[in-house]
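In case it helps, our numbering puts the sequence shown at residues 75 to 231. Everything on this sheet refers to the single structure shown next.
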Amino acid sequence: MAGQDKTMEVRLIENGTVIDRIPPSALFKIINIMGLDRDTEHRMTIGTNLESAAMGTKAIIKISDRYPAMHEIDRIALFAPEARVNTIRNFTVVEKRRVEVPARIEGFVKCANPMCVTNHQPVETAFDVVSEAGEVVLRCRYCEKITRNFGAKPDTY
């Protein structure tokens with residue numbers, strides 16, 4: 075089919091959110107954080123392994139008529155610290171925001187130390203965020219265990 079355009083376009087959204095610059099490996103964590111796997115109300119477009127000049131490949135999420143809460147944005151930052159959250163109103167980007175890794179995370183990440191009080195008592199986890207060489211690293215406020223490659227507690231998405 076010579077001369078035929080071989081691109082597909084994704085429909086623009088009138089109002090909602092575009093989360094861009096997501097590492098493909100973090101896409102499904104972010105889908106879970108935002109509860110998008112259970113969302114039957116909002117129109118969404120989810121793409122992964124898309125070309126990106128800045129990242130090589132990236133993932134993107136477009137959600138009509140939904141705006142993430144600040145705690146969701148903080149959680150997204152843990153898994154995708156370079157992500158951008160764009161707010162769309164009337165087909166126009168009205169705000170572009172880089173996510174920022176918060177200084178403290180509470181009740182979301184499980185401590186990796188099996189002896190930590192948070193793993194044996196009804197105590198909410200609390201971590202200070204420590205950055206090391208561009209990597210997000212957490213230090214438990216109770217036992218001071220340093221945690222890398224962390225995951226969220228299953229019941230906190």
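A virtual CB, placed ideally from N, CA and C, is assigned to each residue, including glycine.
Measuring CB to CB, does residue 108 end up less than 9 Å from residue 155? no
The alpha helix (DSSP H) spanning residue 106 covers which residue range? 101 to 107
Just checking, does the segment 88 to 108 make contact with the segment 158 to 178 on the three C-beta pairs under 8 Å criterion? yes
Would residue 110 pass as a contact of residue 120 if the rule is Cβ separation under 9 Å? yes
Have a look at 115, 139 and 201 and flag the residue whose alpha-carbon is nearest the alpha-carbon of residue 181. 201
Does the segment 114 to 128 come close enough to the segment 144 to 154 that 3 or more CB-CB pairs lie under 8 Å? no
By Cβ distance below 6 Å, which residues in the same chain neighbour residue 222 in space, the five residues on each side in sequence not counted? 211
Consider the C-beta atom of residue 219 and the heavy atoms of the ligand ATP; say whether any pair is separated by less than 8 Å. With respect to small molecules bound, the structure shown includes none, and the ligand ATP cannot be examined in it.
Do residue 203 and residue 171 come within 9 Å of each other at the CB atom, strictly closer than that value? no
How about residue 148 and residue 176: do their beta carbons lie closer than 9 Å? yes
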